[in-house]
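Q:
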Amino acid sequence: PEKFRHRRLNDSKQLAPELREEIYEDLTCNPNLTWAVGIVDCIEIDRINILRATHKAMREAIAALSSAPDHVLIDGLPVIPFPVPQTAIIDGDCLSLTIAAASVIAKVTRDRMMRDFCADFPEYCFSQHKGYGTEIHLLKLHEFGPCPIHRRSFEPVAQPLLALEGLIDAAAPPARRSRRETGRSLPAEQGLQNSLS
Numbered sequence: 482p483e484k485f486r487h488r489r490l491n492d493s494k495q496l497a498p499e500l501r502e503e504i505y506e507d508l509t510c511n512p513n514l515t516w517a518v519g520i521v522d523c524i525e526i527d528r529i530n531i532l533r534a535t536h537k538a539m540r541e542a543i544a545a546l547s548s549a550p551d552h553v554l555i556d557g558l559p560v561i562p563f564p565v566p567q568t569a570i571i572d573g574d575c576l577s578l579t580i581a582a583a584s585v586i587a588k589v590t591r592d593r594m595m596r597d598f599c600a601d602f603p604e605y606c607f608s609q610h611k612g613y614g615t616e617i618h619l620l621k622l623h624e625f626g627p628c629p630i631h632r633r634s635f636e637p638v639a640q641p642l643l644a645l646e647g648l649i650d651a652a653a654p655p656a657r658r659s660r661r662e663t664g665r666s667l668p669a670e671q672g673l674q675n676s677l678s
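Quick note on this note's numbering: the sequence shown kicks off at 482 and runs consecutively.
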């Protein structure tokens, strides 16, 4: 709304988690605000890349709104194509109350999803690090390997997978080396079977 104000609203990354949750409740329970969230899963992110997935989530959020906006503000660079007119604002979450509100809703939604994932994958401590590349997250990845919600394109996941591919190549008989060494492709299952036999 044109006259919307919130005295404690700021960039979601600069807010304490408890305050962020409180502001989230204020925003989502406000009958004068219309909001929606777009969610793209890890498989789709790996398939189309993180930037395109972010743009897709924005489009999904716009489509899910109960009333279509005449204009949207975007944090960062313009998104092309986009279904409605837009204004892109670099560091928008620090400069625009609307973008700051959207960043709080997005961040709390994501953090809650990560806490829910923690129930399914408790060994990864997702409720502590929320999926960010913290020391504890990297230690858990090293200890347990990736789980189904890890993006394969996430650097700490991608590097060990490349190393595993190298081990599979090394274990394969010379006649069955991977394309990197011989120019031929080798199905991963076949390479793994060779390394286990």
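Where a beta carbon is used, it is the ideal one built from N, C-alpha and C, also for glycine.
Short of 8 angstroms in beta carbon distance, which residues of its chain neighbour Q567, apart from the five on each side in sequence? Order them along the chain.
A: Excluding sequence neighbours, Q567 sits near H552, V553, L554, I555, P559 and V560.
Q: Between the C-alpha atoms of R658 and A639, what's the straight-line distance to the nearest angstrom?
A: Low confidence applies here, because R658 scores a pLDDT of 48, under 50, leaving its location unreliable and the question unanswered by this model.
Q: Whole-angstrom Cβ separation of D527 and R632, contact assumed at under 8 angstroms?
A: Contact flag correct, Cβ pair sits at about 5 angstroms.
Q: Kindly give me the distance between the Cβ atoms of A582 and L490, rounded to whole angstroms, as I take these residues to be in contact under 8 angstroms.
A: Yes, A582 and L490 are in contact; Cβ-Cβ is about 6 angstroms, under 8 angstroms.
Q: For S659, name the three-state secondary structure that DSSP assigns.
A: A caution first: S659 carries a pLDDT of 47, below 50, which makes its placement in the model too unreliable to give a value.
Q: Checking 8 angstroms against the spacing of the C-beta atoms, do A538 and G519 come in under that value?
A: Yes; because the gap between Cβ atoms is below 8 angstroms, this pair is in contact.
Q: Can you tell me where the beta strand (DSSP E) with A569 in it begins and where it stops?
A: Looking at the DSSP string, the run of the beta strand (DSSP E) that includes A569 is Q567 to I570.
Q: Within a Cβ cutoff of 6 angstroms, which residues of the same chain sit near E670, ignoring the five residues on either side of it in sequence?
A: Model confidence at E670 stands at a pLDDT of 38, short of 50, so the residue's coordinates are unreliable and nothing is read from them.
Q: What's the C-alpha gap between C606 and C599?
A: One C-alpha to the other measures close to 6 angstroms.
Q: Tell me which residue opens and which closes the beta strand (DSSP E) that L554 is part of.
A: Run containing L554: V553 to D556, per the beta strand (DSSP E) assignment.
Q: Quick check on S547: does DSSP put it in helix, strand or coil?
A: Three-state DSSP puts S547 in coil, outside helix and strand.
Q: Using C-beta distances below 7 angstroms, list every residue in its chain close to P564, excluding the 5 sequence neighbours before and after it, in chain order.
A: Closer than 7 angstroms at the Cβ level, and outside the excluded window around P564, lie R540 and I543.
Q: My assumption, with CB atoms under 8 angstroms, is that T515 sits in contact with S548. Please give the rounded CB distance.
A: 6 angstroms between Cβ atoms; contact.
Q: For a test of the three-state rule: what should DSSP assign to C599, helix, strand or coil?
A: In the structure shown, C599 sits in a helix (DSSP, three-state: H, G or I).
Q: At 3 residues or longer, what runs of the beta strand (DSSP E) sit wholly inside the segment 581-625?
A: Counting only runs of 3 or more, we get nothing.
Q: My output table needs one value for V521: the three-state DSSP class, helix, strand or coil.
A: It is coil, neither helix nor strand.
Q: To the nearest angstrom, how far is the alpha carbon of E499 from that of N530?
A: Each residue's alpha carbon lies about 31 angstroms from the other.
Q: Please work out which residues of its chain come closer than 7 angstroms, Cβ to Cβ, to H610, disregarding the five sequence neighbours upstream and downstream, and give them in chain order.
A: Excluding positions up to five away in sequence, the list reads I617 and H618.
Q: If you measure between the beta carbons of L496 and I586, is that distance less than 8 angstroms?
A: Against a cut-off of 8 angstroms, the Cβ pair of I586 and L496 comes out as no contact.
Q: For the candidate residues R486, E502, S634 and M595, whose alpha-carbon lies nearest to that of S608?
A: Here the closest residue by C-alpha is M595.
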